[in-house]
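Some notes on the structure that comes next.
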Amino acid sequence: MLKPSAPDWCFLKPGIAPATHYARLKALGYGAVEMVAPENRATARDAGLQILNLAAPGMQQGLNHRAHHATLIPAIRDCISEAADAGIPQVIVFSGNRAGLSDGEGQANCIEALRMLAPEAVQAKVTLVIEMLNSFSHQDYQADRSAYGFAVAQAVASPAVKVLYDIYHMVRMGDDPVADIGGNLSLVAHLHLADVPKRTVPQADGKIAYRELTRQLLTIGYTGWWGMEFVPGGDVYAELEQAVAAVHVSAENCRASI
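When the letters of the sequence shown are read in order and numbered with my numbering, they come out as residues 1 to 258.
As structure tokens, then:
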């Protein structure tokens, strides 16, 4: 059964009580939330939702520059400890911006840092997930193609280092989610979804045909969470319900395609 999740930054709007928000998510069939503020975590769990991740610093000044390691590695260690103490399974990490650095050197520096962090993550039972972002919206972000993140995760070669594959970001960069995920399934920890080009609610037959894409990803063996990370343009909960409907695929349809 497909497992939808919803990041707080997209949907928990000012003026909405967290308890009300989480109860509505649960009623819509969501099983988890993401990037939840510490003060809201108990409320989310009381509503029956899991908390999947928290985000480490480093989106602009990230692990790709060795000069950032002295401050960023201790900060990520703190995130690992926070996640472990709170029962949160993932910490999102970032390459950072290029700032003139070659991709090869940036990858090497990310690998070096994550090799230092991986043993602590393993011990804490936390997975560090590298997120790739499109470099149109996040100008100069270095890990802007799926190959970058997968190469880093493969080189670190730890069960505690995987990839957060954001379909919206990678389609904007021209990557193929089915080929990427199918070829690197063991390295994919989590998915994020939105339609292109404006990060809107996923559509069954939109510019990204999510109904067919979901069928293909389920068929090749993806069993993780589907994070609905879009920017709502109208009624938040109507669009969250629409997003789940857009990616609904029956088990029978998946089996028939094998």
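Glycine included, every Cβ here is placed at the ideal spot set by N, Cα and C.
Does the distance from the C-beta atom of Ser95 to that of Gly149 stay below 9 Å? Locating residue 95 in the sequence shown gives position 95, where the first residue counts as 1. Locating residue 149 in the sequence shown gives position 149, where the first residue counts as 1. In this structure, Gly149 lies closer than 9 Å to Ser95 by Cβ.
Nearest neighbour of Gly221, chosen from Leu72, Asp180, Asp8 [CA to CA]: Along the sequence shown, read from residue 1 onward, the residue named residue 221 stands at position 221. Cα-wise, what sits closest to Gly221 is Asp180.
My guess is that Ala204 and Ser158 are in contact by the Cβ rule of under 8 Å, so how many angstroms apart are they, rounded? Stepping through the sequence shown from its first residue, residue 204 is reached at position 204. Stepping through the sequence shown from its first residue, residue 158 is reached at position 158. Not really, about 37 Å apart at Cβ, beyond 8 Å.
Supposed contact pair Tyr22 and Leu52 - C-beta distance, whole angstroms, cut 8 Å: Within the sequence shown, the letter at position 52 stands for residue 52. Within the sequence shown, the letter at position 22 stands for residue 22. Contact doesn't hold; Cβ gap of about 14 Å is too wide.
With DSSP as the reference, please indicate the residues paired to Trp225 in a beta bridge. By 1-based counting over the sequence shown, the position of residue 225 is 225. DSSP lists Lys3 as partners of Trp225.
Looking at the unbroken beta strand (DSSP E) that takes in Lys162, where does it start and where does it end? Position 162 of the sequence shown holds residue 162. Segment 161–166, the beta strand (DSSP E) holding Lys162.
Can you tell me which residues form a DSSP beta bridge with Thr200? As a working mapping, residue 200 is identified with position 200 in the sequence shown. Answer is Asp195, bridged to Thr200.
Between the alpha carbons of Ala17 and Ala86, how many angstroms are there, rounded? Your numbering for residue 17 matches position 17 in the sequence shown. Your numbering for residue 86 matches position 86 in the sequence shown. So the alpha carbons of these two residues sit roughly 22 Å apart.
Assign Phe136 to buried or exposed, taking buried as 16 or more other Cβ atoms, counted over all protein chains shown, within 10 Å of its Cβ. For the purposes of this step, residue 136 is taken as the residue at position 136 of the sequence shown. With fewer than 16 Cβ atoms within 10 Å of its Cβ, Phe136 is classed as exposed.
Between which two residues does the alpha helix (DSSP H) containing Ala157 stretch? For this step, residue 157 is matched to residue 157 along the sequence shown. No alpha helix (DSSP H) holds Ala157; DSSP gives it neither H nor E.
Simplified DSSP assignment, three categories, for Val36: For the purposes of this step, residue 36 is taken as the residue at position 36 of the sequence shown. DSSP, read as helix, strand or coil, puts Val36 in coil.
Answer yes if the region 171–179 comes into contact with the region 103–112, meaning at least three C-beta pairs across the two stretches below 8 Å, and no otherwise. no
Specify the secondary structure class of Gln107 as computed by DSSP and reduced to three states. Stepping through the sequence shown from its first residue, residue 107 is reached at position 107. Three-state DSSP puts Gln107 in a helix.
Could you check where the beta strand (DSSP E) with Val129 kicks off and where it finishes? Along the sequence shown, read from residue 1 onward, the residue named residue 129 stands at position 129. Taken as a continuous stretch (DSSP letters only), the beta strand (DSSP E) holding Val129 covers 127–131.
Taking all protein chains shown into account, do 16 or more other C-beta atoms lie within 10 angstroms of the C-beta of Glu252, making it buried, or fewer, making it exposed? For the purposes of this step, residue 252 is taken as residue 252 along the sequence shown, with counting starting at 1. Note on Glu252: pLDDT 46, under 50, position unreliable in the model; the coordinate value appears next. Looking at its Cβ environment, which holds fewer than 16 other Cβ atoms inside 10 Å, Glu252 is exposed.
Do Lys26 and Ala47 have their C-beta atoms within less than 9 Å of each other? As a working note, residue 26 is residue 26 in the sequence shown. As a working note, residue 47 is residue 47 in the sequence shown. Yes; because the gap between Cβ atoms is below 9 Å, this pair is in contact.
Have a look at Val236 and Phe11 and give me their C-alpha separation to the nearest angstrom. To locate residue 236, count along the sequence shown from 1; it is residue 236. To locate residue 11, count along the sequence shown from 1; it is residue 11. When rounded, the distance between both Cα atoms is 7 Å.
Can you tell me the Cα-Cα spacing of Ala44 and Val33, whole angstroms? Taking the first residue of the sequence shown as position 1, residue 44 is located at position 44. Taking the first residue of the sequence shown as position 1, residue 33 is located at position 33. Each residue's Cα considered, the two are about 8 Å apart.
Extent of the continuous alpha helix (DSSP H) run through Gln216: By one-based count along the sequence shown, residue 216 stands at place 216. Note, Gln216: alpha helix (DSSP H), 210–220.
Backbone CA spacing between Glu268 and Pro232 [nearest angstrom]: An answer regarding residue 268 cannot be provided, because it is not within the stretch 1 to 258 covered by the chain.
In chain order, what are the residue ranges of uninterrupted alpha helix (DSSP H) at least 4 long that sit wholly in the region 56–87? For the region 56–87, the full-length alpha helix (DSSP H) segments reaching 4 residues or more read 69–86 along the chain.
Need the endpoints of the alpha helix (DSSP H) that Ile92 sits in, please. Numbered from its first residue, the sequence shown carries residue 92 at position 92. From DSSP, Ile92 is part of no alpha helix (DSSP H) but of the beta strand (DSSP E) over 90–93.
Taking the Cβ atom as the reference point for each residue, do Tyr168 and Val196 lie within a distance shorter than 9 Å? For the purposes of this step, residue 168 is taken as the residue at position 168 of the sequence shown. For the purposes of this step, residue 196 is taken as the residue at position 196 of the sequence shown. Yes. Within cutoff.
How about Ala55 and Ile92: do their beta carbons lie closer than 9 Å? The residue you call residue 55 lines up with position 55 of the sequence shown. The residue you call residue 92 lines up with position 92 of the sequence shown. Their beta carbons are under 9 Å apart, which means Ala55 touches Ile92 by this criterion.
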